[in-house]
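Student: Take this structure, written in structure tokens, and hold onto it; I'll ask about it next.
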Amino acid sequence: MRFLIPFALMLGACQATEPVATAPAPVVEVDPIGMLSEEERGALLSKGAQVLFWPQPLRAERFRVMETQFPGRTAAPVSPRELPAGTPIPGADQIAEAMIDNDLVGLMVLQDGEVRFEGYGEGLTATDRWVSFSVAKSLTAVLAGAALKDGAIPSLEAPVTDFIPELSGSAYDGVTVEQLMTMRSGVAWDENYASPTSDIAMLYSQPYQPGVDPNIDYLRKLERAAEPGSVFNYNTAETNLVGTLVERAVGKSLTAYAGEKLVWPAGLEGELFWQVDTTGGNVGGCCISMRLGDYARIGQWILEGAPDGSGGSVVDPDFLANATAPAVNFGNGYGYGYFWWTYPGDAFGAIGIFGQGIYIDPADDLVIAYLGNWEGATSGQRSAIIGAVREALGD
65 MRFLIPFALM LGACQATEPV ATAPAPVVEV DPIGMLSEEE RGALLSKGAQ
115 VLFWPQPLRA ERFRVMETQF PGRTAAPVSP RELPAGTPIP GADQIAEAMI
165 DNDLVGLMVL QDGEVRFEGY GEGLTATDRW VSFSVAKSLT AVLAGAALKD
215 GAIPSLEAPV TDFIPELSGS AYDGVTVEQL MTMRSGVAWD ENYASPTSDI
265 AMLYSQPYQP GVDPNIDYLR KLERAAEPGS VFNYNTAETN LVGTLVERAV
315 GKSLTAYAGE KLVWPAGLEG ELFWQVDTTG GNVGGCCISM RLGDYARIGQ
365 WILEGAPDGS GGSVVDPDFL ANATAPAVNF GNGYGYGYFW WTYPGDAFGA
415 IGIFGQGIYI DPADDLVIAY LGNWEGATSG QRSAIIGAVR EALGD
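Just so you know, the sequence shown maps onto residues 65 to 459 in my numbering.
Structure follows, in structure tokens:
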């Protein structure tokens with residue numbers, strides 16, 4: 065039985081139905097950009113940069129309705145996975161306090177596949193979506209793994225320029241798909257969210273050019289700072305690049321591919337919304353919106369090995385093992401895999417700015433999905449949230 069959480073937090077049950085044995089209907093590929101004027105397309109770039117500087121109250125209003133702020137595509141659920149109620153965590157009150165102290169709007173804890181805690185704040189409900197920012201990177205990695213298994217990507221050692229020939233002659237010559245997915249391209253990049261002159265801000269502040277992919281156009285002008293594979297440097301634009309690479313490899317949008325390879329097999333209950341750029345391609349490094357319970361479902365599905373619903377898996381087991389293990393070591397047990405962050409032990413996770421994340425610990429059969437509205441883009445609050453849950457669990 066789920067419980068009522070005090071102090072402006074409200075209980076929200078996941079209304080899941082029994083899964084049915086049916087394949088997903090193909091996503092109808094509608095161009096969400098085609099209806100926009102050239103002026104409106106140009107405005108999308110600057111609006112993307114402005115998100116980083118929205119004040120906290122405006123974020124609370126808009127993060128739940130990003131489909132009203134930006135164009136995108138949706139993938140509908142097919143066979144929702146039931147999330148059964150488990151034994152409530154004895155320290156639920158301290159988790160509720162941690163939610164308030166750390167500016168969370170949603171938190172769900174699954175253990176052994178059962179819901180042991182579920183809470184909401186700032187008026188968010190179980191059927192509302194919330195944007196995840198860079199959590200999308202980890203899901204893009206899953207789709208890249210699916211494309212690898214399907215044979216659309218021949219090898220992670222393939223040069224990026226095989227898929228994105230527009231980058232030939234740039235600092236990306238000789239960079240492999242795997243080096244992109246481990247943030248080790250060696251290309252110069254500044255991901256400072258607080259600076260309006262950083263690369264991440266300037267990417268979305270450049271003048272709009274009809275028919276030009278702004279992400280590729282920006283990246284091809286950058287210089288090399290290190291040998292490919294030698295240095296970790298976090299780069300959202302390169303995850304966008306992997307998204308474009310996957311779209312070109314499989315011949316469909318990331319949203320459509322996610323409908324087949326993620327939404328259906330993971331048993332999502334609500335629609336997945338994924339923003340697009342000025343070309344109409346999905347943004348591989350950002351901006352998926354889903355329900356809290358669906359972030360938890362994805363975490364549980366990954367924990368179980370990404371089963372495909374017919375006895376196999378969406379990605380090869382070796383790929384998933386490598387994706388969620390440290391290709392880059394930061395020390396003290398922390399590292400980075402294929403767009404997944406790795407933690408002490410065998411734990412790993414997907415994280416997004418302003419307090420979004422999925423934490424997965426196979427050793428304890430534990431999934432923690434959380435949605436936030438932090439004052440700043442990055443914060444030490446993430447560790448406090450995970451720590452509060454683990455303490456309440458008696459770890």
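Glycine residues also receive a C-beta, built at the ideal position from the N, C-alpha and C atoms.
Everything numeric in this text was worked out from a predicted model, so none of it was measured.
1. Can you tell me whether residue 176 is buried or exposed, with buried defined as 16 or more other CB within 10 angstroms of its CB?
2. Kindly confirm or deny that the region 330 to 346 and the region 313 to 322 touch, where touching means at least three C-beta pairs closer than 8 Å.
3. Under a Cβ-count criterion, where at least 16 other Cβ atoms within 10 Å of its own Cβ denotes burial, should residue 201 be classed as buried or exposed?
4. Using DSSP's beta-bridge definition, name the partner residues of residue 171.
5. Quick one: is residue 285 buried, meaning 16 or more other Cβ sit within 10 Å of its Cβ, or exposed?
6. Look at the alpha carbon of residue 170 and the alpha carbon of residue 115, and state the distance between them as a whole number of angstroms.
7. According to DSSP, is residue 132 helix, strand or coil?
8. What is the DSSP secondary structure of residue 288, counted as helix, strand or coil?
9. Can you check whether the CB of residue 152 is closer than 8 Å to the CB of residue 96?
10. Could you check the C-alpha separation between residue 315 and residue 226 for me, to the nearest Å?
11. Among residues of its own chain, excluding the 5 on either side of residue 205, which ones have a beta-carbon nearer than 7 Å to its beta-carbon?
12. Would you give the residue range spanned by the alpha helix (DSSP H) that residue 451 belongs to?
13. Quick check: residue 436 and residue 412, are their CB atoms within less than 8 Å of each other?
14. Exposed or buried, what is residue 268 when buried is set at 16 or more other beta-carbons lying within 10 Å of its beta-carbon?
15. According to DSSP, is residue 142 helix, strand or coil?
16. What first and last residue would you give for the alpha helix (DSSP H) that runs through residue 248?
17. Are the CB atoms of residue 422 and residue 305 within a distance shorter than 8 Å?
18. Please list, in chain order, all residues of the same chain as residue 457 whose beta carbon is under 7 Å from its beta carbon, the five residues on each side excluded.
19. Between residue 142 and chain B, is there a C-beta pair that is closer than 8 Å?
Tutor: In this structure, then:
1. When all chains shown are included, residue 176 counts as exposed.
2. Counting Cβ pairs under 8 Å, three or more are found: they touch.
3. Classification for residue 201: buried.
4. For residue 171, which the question treats as bridged, DSSP gives the partners 183, 434.
5. Exposed: under 16 other Cβ atoms inside 10 Å.
6. When rounded, the distance between both Cα atoms is 20 Å.
7. The answer is helix: DSSP assigns residue 132 an H, G or I state.
8. Reduced to three states, the DSSP call for residue 288 is strand.
9. Cβ distance not < 8 Å, so residue 96 and residue 152 don't count as in contact.
10. Residue 315 and residue 226: Cα-Cα distance of roughly 15 Å.
11. Cβ within range, chain order: 245, 387, 402, 403, 404.
12. For residue 451, the uninterrupted alpha helix (DSSP H) segment begins and ends at 445 to 456.
13. No; because the gap between Cβ atoms is not below 8 Å, this pair is not in contact.
14. Around the beta carbon of residue 268, a 10 Å sphere encloses 16 or more other beta carbons of the protein chains shown; the residue is thus reported as buried.
15. When DSSP states are grouped into helix, strand and coil, residue 142 belongs to the coil group.
16. No alpha helix (DSSP H) holds residue 248; DSSP gives it neither H nor E.
17. No, Cβ-Cβ distance for residue 305 and residue 422 is not below 8 Å.
18. Cβ neighbours of residue 457 beyond the five flanking positions: 153.
19. The structure shown contains no chain B, having only a single protein chain.
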